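Worksheet for the structure shown next.
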Amino acid sequence: MLIAVRKINACKLPPRTIECRNYAKYNSSAFCDDLRDIPWDVVLKERNVNTAWSNWKELFLNVCDRHAPYKRKIVRGVKCPWLTGETKKLMNQRDSFLRKARRSGAEVDWNAYRRLRNQVSNKIKNEKRHYHRNEIQENLNSPKAFWKAIKKVFPSKKGNSACPKSIKTEEGYTIADKSIIAEKFNNFFTNAVSKLLETVHQPIVTREFSGDNFTDQKLCLLPVTESFVFKQLKGLKVKKATGLDRIPACLLKDSAAVITQSITFLVNLSLSTGIVPDEWKQARVVPLHKSGGREVMDNYRPISILPVISKIAEKAVNVQLQQYLTQHGLLNSFQSGFRRYHSTQTAVTYFCDTIRRSTDVGKLTGALFIDLKKAFDTVPHDDLICKLKRFGMEENSLAWLTSYLTNRSQAVCVEDELSSPMPVFSGVPQGSILGPVLFILYINDLPSCIQFSNIMMYADDTVIYWSSTTTLDIELKLNLDVVNLSQWLHHNKLVLNMKKTEFMTFGTRQRLVRQKCDETDISLNGQSIKHTDTFKYLGVVLDDTLSFNDHVDYVRMKVSKILGMFSRIRPSLTLEAANRLYKAMVLPVLDYCDAVWHECGQGNSDKIERLQRRAARIIYYKAA
């Protein structure tokens, strides 16, 4: 008799070797005492910022290596702390009966094995549930420990690792060696921009855009105080990834009281000389999967992990830069990205309210949703520096930002394999503090090229739109402005993604049919832009009548998936933990931009109410 039997320990993970610091004998008090004995004057008397940083790093790492030395250890599978001795004994009996049943083939032996198998399965399930309930309940008052416990019990997506297991080359070969993958990714990321710009169609006529200054104001970077640096050090997340300098955030945080003076000196020396230490500009890049096949390198985004100390200097500059921009009103009013009191909801709400007001007075609104290829990576450093000067940067601040942007390098890390470093000639670092702000400053004058339409921006997510009583007027204005936009993008070395750029017409159902809006043609260089009836704009699915039926269906599907996973782990949660998880994972989805789509018809309201009732049933489910 042939019976399929699942292999024992079939899901056991293979052992792997990792390199990490050993904190087994680490004592924070002893660590700080040793740091106090260091002759920091070697650093404080130095006037060359690169030498000062090298001296500081050497002194600090010597103490780190004594108290928390690096070691290589083997990680073997996953521990199961809920397995008790009684359960393990029962598992051995089950395996014994399985071997006996295989030898004899007797039905009575197979029945005995099945009874034991079911008994073991139920016992493991109950013990696992009881273990997780206790662990989650004990950590309710500690957010960090609470979410760590939740992650252990929450179902995770298979194969969700950021690092690819293999990649395909342009020739079609599959590469599985991690060191080669790291080198390939580094070459791809550093050369992708130049290859992309080579394929761009150059406009026949290119407008000359103004080079006048945006303001007569001046920004001079001021030195930071020790209290500011101490606050930044104490606020570091201990789990923050370590850069190529191998200095972990947890040791910096523990020693904040001791090293604040020397760190403040380094930051102020960098600001006063206008020079960023070379090692602060060396990034460890991790490929982060976006979408599509995992073997295609173009489906990955480079995330830069910089030295933790460099983030403190970036934060100091960012605070002063943001205050300067806000005080003098230098950021475009149509830009909602990376600004205080602005968000994606700000952009969506403003855009939808404008469309509704136009619809109420009998107008149609044509909207062109712009998508840019590798927007953050294609920003040319020289052009960005020129624009920063026009924002009123004084000599010291411009020198520091120029030093920050130039002579950068990166090495790609795939698991434990690190590629050789390569220079970076364009782009703002993704994963840095200043990167997003520098990007919105670079595209701040984009609205100046729009002559006829309106515009709304959230970082690189841009929509240009125009309202009129006729589609001919909409078609004319948008076609003129898409040419203007194309010329501005070419002038600023940014690339329009025609495949993902889409056009929509909003209005009442009767006007849309009467005006034959589906025949409206928006084109660029002879290539028509795709016309669509729905578009997902900053997380909200817009339809052409703003009924939000499609968005409600999208929310219902998204929440249903969360509730499905929620229901599976509900027996492992107490009522208090279930309530907290609901507020953190379900409620934000239901509340996002709810002011825009709240009054969306009785049918849609009923769908949302059913979701809420289902969530309530799951939360108040009495677990055994």
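Residue 61 is where the sequence shown starts when you use the working numbering, and the numbers rise one by one after that. All residues carry an ideal CB built from backbone N, CA and C; glycine is no exception. Values in this document were obtained by computation on a predicted structure and should not be read as measured data.
Please look up how many angstroms separate the CB atoms of Ile-500 and Phe-608, rounded, as I've assumed it's under 8 angstroms.
Actually they do not touch by this definition, with Cβ atoms about 29 angstroms apart.
Relative to the alpha-carbon of Leu-304, which residue among Thr-324, Gln-342 and Lys-313 has its alpha-carbon at the smallest distance?
Gln-342
Quick check: what's the CA-CA separation for Pro-347 versus Val-472?
8 angstroms
One or two residues paired with Ile-363 in a DSSP bridge:
Val-346
What is the DSSP secondary structure of Cys-80, reduced to helix, strand or coil?
strand
Do Ser-364 and Ser-492 count as a contact pair if the criterion is CB distance below 8 angstroms?
Yes, they are a contact pair.
Please classify Ser-226 as buried or exposed, where buried requires at least 16 neighbouring CB atoms within 10 angstroms.
exposed
If distances are taken between C-alpha atoms only, which option among Asp-437, Leu-494 and Asp-314 comes closest to Val-379?
Leu-494
Determine the burial state of Lys-375: buried for a count of at least 16 other Cβ atoms within 10 Å of its Cβ, exposed for fewer.
buried
Let me check one thing: in DSSP terms, what residues is Ala-471 bridge-paired to?
Arg-344
Decide if Ala-317 is buried, meaning its Cβ has at least 16 other Cβ atoms within 10 Å, or exposed.
exposed
Three-state class that DSSP yields for Ile-307 in the structure shown:
coil
Backbone CA spacing between Phe-248 and Asn-467 [nearest angstrom]
Cα-Cα distance, rounded: 19 angstroms.
Taking C-beta to C-beta, are Ile-430 and Val-523 nearer than 8 angstroms?
Closer than 8 angstroms, so yes.
Using CA atoms only, rank isn't needed, just tell me which of Val-649, Phe-595 and Ile-629 is closest to Val-619.
Val-649
At what residues does the beta strand (DSSP E) containing Asn-514 begin and finish?
514 to 518
Just tell me which of Val-284, Leu-326 and Pro-129 has its CA closest to the CA of Ser-114.
Nearest to Ser-114 by alpha-carbon distance, out of Val-284, Leu-326 and Pro-129, is Leu-326.
Straight-line Cα distance separating Phe-451 from Ala-459
14 angstroms
Alpha-carbon spacing of Asn-552 relative to Asn-122, whole angstroms
46 angstroms
Any idea which residues DSSP pairs Lys-228 with across the strands?
Thr-234
With 16 as the cutoff for other CB atoms within 10 Å, does Val-168 come out buried or exposed?
exposed
Excluding sequence positions up to five away, which residues of its chain have a Cβ less than 7 angstroms from the Cβ of Tyr-191?
Pro-141 and Trp-142
I'd like to check one pair, Gly-426 with Phe-290: are the Cβ atoms closer than 8 angstroms?
The answer is no: Cβ separation not under 8 angstroms.
Select from Ser-528, Val-102 and Lys-297 the residue whose C-alpha is nearest the C-alpha of Gly-422.
Ser-528
As a quick exercise: from Asp-581, Lys-559 and Val-109, pick the residue whose alpha carbon is nearest that of Glu-535.
When each option's Cα is compared against that of Glu-535, the closest is Asp-581.
Quick one: what does DSSP say Lys-590 is sitting in, helix, strand or coil?
strand
Using alpha carbons as the reference points, say which of Ala-407, Thr-462, Arg-417 and Leu-554 lies closest to Ile-515.
Ala-407
Taking only three categories from DSSP, how would you classify Met-357?
helix
Reduced DSSP secondary structure (H/G/I, E/B, other) of Pro-203:
The answer is helix: DSSP assigns Pro-203 an H, G or I state.
My output table needs one value for Glu-477: the three-state DSSP class, helix, strand or coil.
strand
Taking all protein chains shown into account, decide if Tyr-401 is buried (16 or more other Cβ within 10 angstroms of its Cβ) or exposed.
exposed
Below 8 angstroms on the Cβ atoms is my contact criterion, and I expect Ile-415 with Leu-606 to pass it. Report the Cβ-Cβ distance as a whole number of Å.
With 8 angstroms as the limit, Ile-415 and Leu-606 qualify as a contact, their Cβ atoms being about 6 angstroms apart.
Is it right to say Thr-234 is buried, meaning 16 or more other beta carbons lie within 10 angstroms of its own, or is it exposed?
exposed
Would you say Gln-395 and Cys-653 are within 8 angstroms of each other, going by their C-beta atoms?
With respect to the 8 angstroms criterion, Gln-395 and Cys-653 are not classified as neighbours on the basis of their beta carbons.
Helix, strand or coil: how does DSSP classify Gln-395 here?
strand
Quick check: the region 235 to 245 against the region 663 to 681, are there 3 or more CB pairs under 8 angstroms?
Flag = no, the region 235 to 245 and the region 663 to 681 do not touch.
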